[in-house]
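The sequence shown begins at 1 in my numbering and counts up one residue at a time.
No residue lacks a Cβ here, since even glycine has one placed at the ideal position from N, Cα and C.
Bear in mind the structure is a predicted one, so any value in this text is a computation, not a measurement.
This report refers to the structure that appears directly beneath it.
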Amino acid sequence: MGALAGLKAAGLRKTFHPGSADERIALDGVDLTLSPGDFAVVIGSNGAGKSTLLNALAGEVALDAGSVSIGDDDVTRLATHRRARWISRVFQDPLIGTAATMTIEENLAVSESRGDTRTLASALSRSGRERYVRLLADLGLGLESRLGTKVSMLSGGQRQALALLMAVMKRPALLLLDEHTAALDPRTAEAVMNATLAAISGAQLTTLMVTHNMTHALRFGNRLLMMHAGRIVLDVTGENKSQLTVEGLVEKFHLVDDKMLLA
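Written out as structure tokens, the structure is:
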């Protein structure tokens with residue numbers, strides 16, 4: 001971790017329950033390349049393949065075909081825990097990604113010592129505490145004065161912000177955000193998204209974010225992807241992305257559905 005890297009996913013295919021009445025093609029030959037520092041946002045209807053794509057990149061779903069490389073490293077055959085060297089992920093559920101029975105400080109120390117030879121005790125140093133206070137203060141949620149608080153006592157938004165901080169503090173080569181603000185109220189979601197943008201921009205993290213929030217899809221990231229029926233059907237960058245509106249995105253959704261019905 002710590003070095004800028006891109007992502008190359010080629011020919012990703014995944015079918016659930018093949019040959020049965022419940023057969024579902026989740027990924028249908030997905031090709032995706034992210035340059036180092038890209039922040040790509042993925043949208044699409046339920047069942048489009050968004051979460052399966054993230055699961056495949058993280059190693060939580062075994063692919064039927066295709067390859068995944070991060071930088072110069074082919075991680076296709078690596079298990080999830082081995083890909084953790086390159087990949088961090090924040091889930092939709094605020095209960096995932098943090099240890100409820102541990103304090104905020106202990107959670108941060110565990111995250112920071114991941115992959116290191118240092119013990120947890122050595123990570124819980126005075127200098128470490130001072131750094132944690134600075135990092136937490138940047139979130140703007142008042143957590144910097146609550147290092148000794150059990151995570152179980154935090155609100156969903158505070159817990160999700162902590163999970164985000166834990167995910168980015170080791171500067172992963174690839175950050176996966178799986179609808180990480182969907183379970184939050186609008187005000188808290190906005191605070192977490194602002195913290196997300198600050199973390200990604202500050203470390204120039206290569207990021208893939210799935211969201212159902214059209215406003216967030218337009219506001220954040222330098223690239224917008226739309227998935228439908230296991231395929232990437234729209235890829236917009238730069239000025240073309242900045243000119244899109246929520247109404248325009250909804251219209252594109254309808255156009256994609258119509259084309260699929262006529263195919």
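The alpha carbon of lysine 241 has as its nearest neighbour, out of His254, His216 and His228, the alpha carbon of His216. In the DSSP annotation of this structure, the continuous segment of the beta strand (DSSP E) that includes methionine 226 starts and ends at 223-228.
Counting only runs that start and end inside the region 99-154, the alpha helix (DSSP H) elements of at least 4 residues fall at 104-113, 120-123 and 126-139.
Per DSSP, lysine 8 is one residue of the beta strand (DSSP E) stretching across 7-16. A Cβ-Cβ contact shorter than 8 Å links valine 41 with glycine 221. For leucine 177, the enclosing beta strand (DSSP E) covers residues 174-178. Bounds of the beta strand (DSSP E) holding alanine 26 are 24-34. The DSSP-derived three-state label of isoleucine 96 is coil. Rounded to the nearest whole angstrom, the CA to CA distance from aspartate 178 to leucine 164 is 11 Å. With a 10 Å radius around the Cβ and a threshold of 16 neighbouring Cβ atoms, glutamate 239 comes out exposed. Counting every other CB atom within 10 Å of its CB across the protein chains shown gives asparagine 107 a total of 16 or more, marking it as buried. A distance below 6 Å between beta-carbons, with the five flanking residues on each side excluded, links lysine 8 to the following residues of its chain, in chain order: Thr33 and Ser69. In this structure, DSSP gives glycine 59 a state outside helix and strand, which the three-state scheme calls coil. The bridge partners DSSP lists for valine 41 are Met209 and Leu224. Here the alpha carbons of arginine 77 and alanine 62 stand approximately 9 Å from one another.
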